[in-house]
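Step one of this worksheet: look at the structure below.
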Amino acid sequence: MTRVLVVDDDPVQLRLTAEVANRAGFKPLTATGGEQALTILREDRNIGAMILDLVMPDLDGMGVMDAMRREGITTPVIIQTANASLETVISAMRNGAADYFVKPVAPERLIISLRNAMKLDALEAAIRSERARKAGTFTVGDMIAKAPAMARVLSLCGKAGKSTIPVLIEGETGVGKELIARIIQGAGDRAGKPFITVNCGAIPPNLVESVLFGHKKGAFTGAIADQPGKFAEAHNGTLFLDEVGELPLETQVKLLRALQEGEIEPVGASKPERVNVRVISATNRRLLNLAKSGEFREDLYYRLNVFPIYVPPLRERMEDAAELVAMFIARFSAEAGKRVLGISPAALDLLMAYDWPGNVRQLENAVYRAIVLTDAAFLEPVDFPQIVAQSSGRDSAIRAIEQVPVPAAPTHIDTAPARQRAAMEQPSAPDRFLDTAGEVAALAEIERAAIVFAIAHHGGRMSRVARALKIGRSTLYRKLHEYGLAEELLNDAA
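Under our numbering, the first residue of the sequence shown carries the number 1124, and numbering increases by one thereafter.
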């Protein structure tokens, strides 16, 4: 269940807000001051969102957000305060607040804001993770790993990253061996350097040497120019040899020399070439058994297996499954241009009960397919027909899908009670279109809120505000006077 931190020095307001979060299916944590809130955030980096009061005796809300920024705490913040001045709104938004409410807040609006903030945070985390992966700066902090089975893996990654020791990553197909290799690179001084992947089982045997070590012009028919190999491409970086057990024996001799001497000999070359490459290998087979049977060189095995890391299958780390699902939903719904906000409790239970022989890769593909299939705001068991079929047999799967009730309203991934679904019957309606009673706001109120937001977003630069709202500056100033905002601006400036 996703945790929400509620921070307020007013005990009545604290209790009421915590109860709203609890009824919406979240687990509320409470703090009566800024210092206590920071202590909780430092100890638990997996809090889904924070509802923060601004005016508190020890450390105010702005101070809390300043400390969060300095310490790299990225928990989404929703401001809830009695202070409605424009200057306060601007300062809070500049400090990174995801939303801003003036007390009292309608529970429905607060719930919608919480869900939107968490969805945006999950999407931003997925984007950051993908950028880090591509840039070669993927680190331990980018890995979803709450399960104890993964704690040792990440600890070993951090230690391996600080040296150039050869690493052999073992694990079933789909567990994320390449991801572990990228984390190792990101933990060392080769972060940001080339990370070259070679699938050893996908290269035709007659081309393996050329692919790995390169070739010279005229080395064989069709070699019309010098071609660098993967070792040369990975110079000063990392070479990841996936499924290394599939390499032909004759190529293994050259690989052993490259590891021992730091030299490669391109096909057709007259002399070896020096390379500075960190080699990380991976296999889904028992490499020691292959070495004993003669299918893999024993000396190469011991050269590669200096620092072994075993990655457990997904069924042994199901504590991570819900967070993985949330990340995949955020990523694929953004890619598909859909507003999929989460997954129903029934669908999540279905995924949690499955043993995932294809591991994280299979889970990723299942969520991707479900996103493509669905037209709803939340994924249901009907969106996972293959998992239902494999879990309970084809006939019972068909019956189960036919019996899935059409949800009256969407449900959060963290098992929100069914009686709370009515609060989310229109998830696509922005909360700013609602008044404090949860009804559609008057047009003037919506326009006023849009102007206030634009001023905060553009830091009070009126020419930009006017352009963003697509109105003239004279019209903007007239509306500022109409809505009483001009006086606020003058008072704030004073």
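Idealized CB from N, CA, C, for every residue including glycine. Here the structure is a predicted model, which means the values were calculated and not measured.
Measuring alpha carbon to alpha carbon, tell me which of the options ends up nearest residue i.
| i | options | result |
| --- | --- | --- |
| Thr1287 | Glu1158, Gln1136, Thr1296 and Gln1308 | Gln1308 |
| Asn1412 | Gly1219, Tyr1424, Arg1126 and Leu1362 | Tyr1424 |
| Asp1183 | Ala1272, Thr1204 and Ile1163 | Thr1204 |
| Ile1163 | Val1130, Val1331 and Val1490 | Val1130 |
| Val1483 | Ala1240, Glu1301, Leu1137 and Asn1169 | Glu1301 |
| Ala1272 | Pro1436, Ala1470 and Gly1460 | Pro1436 |
| Gln1350 | Ala1325, Ala1314, Glu1384 and Val1390 | Val1390 |
| Glu1439 | Arg1401, Asp1478, Ala1459 and Ala1405 | Asp1478 |
| Glu1166 | Glu1194, Asp1443 and Arg1397 | Glu1194 |
| Asn1169 | Leu1496, Thr1198 and Glu1605 | Thr1198 |
| Tyr1606 | Leu1566, His1580, Gly1186 and Gly1582 | Leu1566 |
| Leu1139 | Ser1404, Ala1172 and Pro1230 | Pro1230 |
| Ser1456 | Gly1417, Thr1497 and Thr1406 | Thr1497 |
| Phe1501 | Asn1218, Ala1453 and Ala1512 | Ala1453 |
| Asn1399 | Ala1355, Ile1267, Asp1222 and Ala1445 | Ala1355 |
| Thr1125 | Arg1408, Ile1201, Val1588 and Ala1445 | Ala1445 |
| Ile1432 | Pro1289, Met1441 and Ala1449 | Pro1289 |
| Ala1627 | Asp1422, Leu1427 and Lys1394 | No answer is possible for residue 1627: it lies beyond the span of the chain, which begins at 1124 and ends at 1617. |
| Tyr1380 | Val1505, Glu1568, Asp1422 and His1358 | Strictly speaking, residue 1380 in this sequence is Arg, with Tyr absent from that position. Ranking the options by Cα distance to Arg1380, first place goes to Asp1422. |
| Ala1469 | Ile1494, Asn1488 and Val1505 | Val1505 |
| Val1434 | Lys1242, Asn1145 and Ala1274 | Ala1274 |
| Val1490 | Met1475, Asp1472, Val1448 and Pro1480 | Val1448 |
| Met1585 | Leu1603, Gly1284 and Gln1485 | Leu1603 |
| Arg1397 | Leu1474, Gly1582, Ala1357 and Gln1136 | Ala1357 |
| Val1276 | Phe1430, Ile1174 and Asp1133 | Phe1430 |
Please state whether DSSP places residue i in a helix, a strand or coil.
| i | result |
| --- | --- |
| Val1178 | coil |
| Lys1415 | helix |
| Met1241 | helix |
| Tyr1606 | coil |
| Ala1405 | strand |
| Pro1371 | coil |
| Ile1213 | helix |
| Met1273 | helix |
| Phe1576 | helix |
| Val1290 | strand |
| Tyr1600 | helix |
| Ile1521 | Reliability of the predicted coordinates at Ile1521 is poor, the pLDDT of 47 falling under 50, and the value obtained from them is presented with this limitation in mind. Correct three-state label for Ile1521: helix. |
| Pro1431 | strand |
| Met1266 | coil |
| Thr1538 | A caution first: Thr1538 carries a pLDDT of 32, below 50, which makes its placement in the model too unreliable to give a value. |
| Asp1422 | helix |
| Ala1304 | helix |
| Ala1616 | A caution first: Ala1616 carries a pLDDT of 47, below 50, which makes its placement in the model unreliable, though a value can still be read off. Helix, per DSSP. |
| Glu1295 | coil |
| Lys1461 | coil |
| Thr1198 | coil |
| Asp1133 | coil |
| Ala1531 | Note that Ala1531 has pLDDT 39, beneath the 50 cutoff, so the model's placement of it is unreliable and no number is given. |
| Asp1312 | coil |
| Phe1451 | helix |
| Ala1283 | helix |
| Glu1548 | Below a pLDDT of 50, predicted positions are generally treated as unreliable, and Glu1548, at 35, falls in that range; the measurement from the model is reported next regardless. Coil. |
| Lys1593 | coil |
From the DSSP output, which residues share a beta bridge with residue i?
| i | result |
| --- | --- |
| Leu1474 | Paired residue(s): none; Leu1474 is not in a bridge. |
| Pro1389 | Per DSSP, none; premise fails for Pro1389. |
| Ile1319 | Leu1362 |
| Gln1350 | His1338 |
| Glu1396 | Ile1387 |
| Thr1204 | Val1225 |
| Lys1150 | Arg1126 |
| Leu1502 | Ile1466 |
| Ala1172 | Val1127 |
Could you tell me how far apart the beta carbons of residue i and residue j are, in whole angstroms, since I believe they sit closer than 8 Å?
| i | j | result |
| --- | --- | --- |
| Ala1572 | Leu1592 | Actually they are not in contact, since the Cβ atoms of Ala1572 and Leu1592 sit about 12 Å apart, beyond 8 Å. |
| Arg1352 | Ile1387 | Sequence inspection shows Gly at residue 1352; the Arg mentioned does not correspond to that position. Indeed they touch by this definition, with Cβ atoms about 7 Å apart. |
| Ile1578 | Ile1292 | Between Ile1292 and Ile1578 the Cβ distance is about 52 Å, and since that is not below 8 Å, they are no contact. |
| Pro1371 | Pro1328 | 5 Å |
| Val1402 | Thr1374 | That belief does not hold up - the Cβ atoms of Val1402 and Thr1374 are roughly 14 Å apart, past 8 Å. |
| Phe1419 | Gly1368 | 6 Å |
| Ala1270 | Ala1240 | Contact doesn't hold; Cβ gap of about 26 Å is too wide. |
| Asn1206 | Leu1177 | 6 Å |
Beta-carbon of residue i versus every beta-carbon of chain D: anything under 9 Å?
| i | result |
| --- | --- |
| Phe1419 | The structure shown has no chain D; it contains just one protein chain. |
* Inter-stretch contact (C-beta, 8 Å, three-pair minimum) for the stretch 1326 to 1342 and the stretch 1294 to 1304 -> No: the two stretches stay apart, fewer than three of their Cβ pairs being nearer than 8 Å.
* Decide yes or no for the touch test of the stretch 1306 to 1324 against the stretch 1262 to 1281: beta carbon pairs closer than 8 Å, at least 3 of them. => Two segments are said to touch when three or more pairs of C-beta atoms, one from each, lie closer than 8 Å; by this definition the stretch 1306 to 1324 touches the stretch 1262 to 1281.
* Should the stretch 1176 to 1192 be regarded as contacting the stretch 1141 to 1158, the criterion being three or more beta carbon pairs within less than 8 Å? -> With a cut-off of 8 Å, the stretch 1141 to 1158 and the stretch 1176 to 1192 count as touching, because enough Cβ pairs lie within range.
* Asked: Would you call the stretch 1224 to 1243 and the stretch 1580 to 1600 in contact, with 3 or more CB pairs under 8 Å?
  -> With the cut-off at 8 Å, the stretch 1224 to 1243 and the stretch 1580 to 1600 do not touch.
* **Meets three-Cβ-pair contact criterion under 8 Å: the stretch 1315 to 1325 and the stretch 1459 to 1469** => No, the stretch 1315 to 1325 is not in contact with the stretch 1459 to 1469.
* Asked: Are the stretch 1356 to 1375 and the stretch 1327 to 1338 in contact at 8 Å, needing three or more beta carbon pairs?
  -> Yes, since at least three Cβ pairs between the stretch 1356 to 1375 and the stretch 1327 to 1338 fall closer than 8 Å, the two stretches touch.
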